[in-house]
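Undergrad:
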């Protein structure tokens, strides 16, 4: 992607984010998030009162060495894990105040996840895997099926709809996982190394697709990656230092 195109895309996305989301009320707000673990009976603090505001339509890359807490951050943003302290707000509402079933519904319909490992159901086809979030949400099969087919075609898997997971290459499996994350058109996409298992050609396709989604749908994205080409496509680039989120120069 050329520098001029990247700048134009970033300006377009930034303007869209500003129009769609008020600066006084971000789509997502982390306040004082702390999270630690025990390793060999010793406490390890990963996040230390980390705070972050994300506007609707923003795209953010989180980069840095392994062990900094990038995946932990994604898990908290996605409500898959709870912080030891601090709050997570979505449109001004603390999501961890929700009841268990309400939180699960919020997660399924509002957030799309793409992990480094695809976590697909091996006994099902590509199409069935991508349909799964809609079926879980109670959508009728005849409604979610065409949506799943369309997103699979868009990620380049038109000829793989009926293939089972074990019959797909690693790159194809990751693209099925991406399609599954996007099928319900979530407001937020959280991705952990989304191109980690892809070759250069497929990585570029996924990069371009993510940027199109960000521009066309104002889909907010937080992507953990070691791929600096992908990171530089995002509007903001951040890392974690001493347990806190720090903006980096993304020029």
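Numbering (our numbering), first residue to last: 1103 to 1353. Even for Gly, the Cβ is constructed at its ideal location relative to N, Cα and C.
1) So what's residue 1275 in DSSP terms, helix, strand or just coil?
2) Can you tell me whether residue 1275 is buried or exposed? The criterion is at least 16 other CB atoms within 10 Å of its CB, across all chains shown.
3) Any idea what DSSP makes of residue 1297, helix, strand or coil?
4) Considering residue 1346, what are the terminal residues of the beta strand (DSSP E) in which it resides?
5) Look up residue 1340 in the DSSP assignment and say whether it is helix, strand or coil.
6) Please report the straight-line C-alpha distance between residue 1150 and residue 1134, rounded to a whole angstrom.
7) Check whether the segment 1296-1313 touches the segment 1329-1344, taking contact to mean three or more Cβ pairs, one atom from each stretch, closer than 8 Å.
8) Could you give the distance in angstroms between the alpha-carbon of residue 1236 and the alpha-carbon of residue 1246?
9) Near residue 1173, what residues of its chain come up, given a Cβ to Cβ distance below 7 Å and the 5 sequence neighbours on each side ignored?
10) With a CB to CB cut of under 6 Å and the five nearest residues on each side skipped, what residues in its chain are close to residue 1283?
11) Would you check if the segment 1136-1143 and the segment 1260-1280 touch, i.e. whether three or more CB-CB distances between them fall below 8 Å?
12) Is residue 1140 helix, strand or coil when you go by DSSP?
13) State the Cα-Cα distance for the pair residue 1129 and residue 1193, rounded to the nearest angstrom.
14) Can you have a look at residue 1248 and say buried or exposed, based on whether 16 or more other CB atoms are within 10 angstroms of its CB?
15) Using DSSP bridges, identify the partner residues of residue 1147.
TA: From the atom records:
1) The residue labelled residue 1275 in the question sits at position 173 within the chain shown. If DSSP states are grouped into helix, strand and coil, residue 1275 belongs with the helices.
2) Locating residue 1275 in the chain shown gives position 173, where the first residue counts as 1. Result: buried.
3) Locating residue 1297 in the chain shown gives position 195, where the first residue counts as 1. Coil at residue 1297, not helix or strand.
4) As a first step, residue 1346 is located in the chain shown; it is residue number 244 there, counting from the start. Note, residue 1346: beta strand (DSSP E), 1346-1350.
5) As a position in the chain shown, residue 1340 is number 238, starting the count at 1. In this structure, residue 1340 counts as strand in the three-state DSSP scheme.
6) Indexing the chain shown from 1 puts residue 1150 at position 48. Indexing the chain shown from 1 puts residue 1134 at position 32. In a straight line, the C-alpha of residue 1150 is about 7 Å away from that of residue 1134.
7) Short answer: they touch.
8) As a first step, residue 1236 must be located in the chain shown, where it is residue number 134. As a first step, residue 1246 must be located in the chain shown, where it is residue number 144. One C-alpha to the other measures close to 6 Å.
9) Counted from its first residue, the chain shown places residue 1173 at position 71. These residues qualify, in order along the chain: 1294, 1326.
10) On the chain shown, position 181 is the one that residue 1283 refers to. Excluding positions up to five away in sequence, the list reads 1214, 1215, 1216.
11) no
12) One-based indexing of the chain shown puts residue 1140 at position 38. Correct three-state label for residue 1140: strand.
13) Here the question's residue 1129 lines up with position 27 in the chain shown. Here the question's residue 1193 lines up with position 91 in the chain shown. Going from the Cα of residue 1129 to the Cα of residue 1193 covers about 5 Å.
14) What you label residue 1248 is simply residue 146 of the chain shown in a count that begins at 1. Label assigned to residue 1248: exposed.
15) Here residue 1147 refers to the residue found at position 45 of the chain shown. 1138, per the DSSP bridge assignment.
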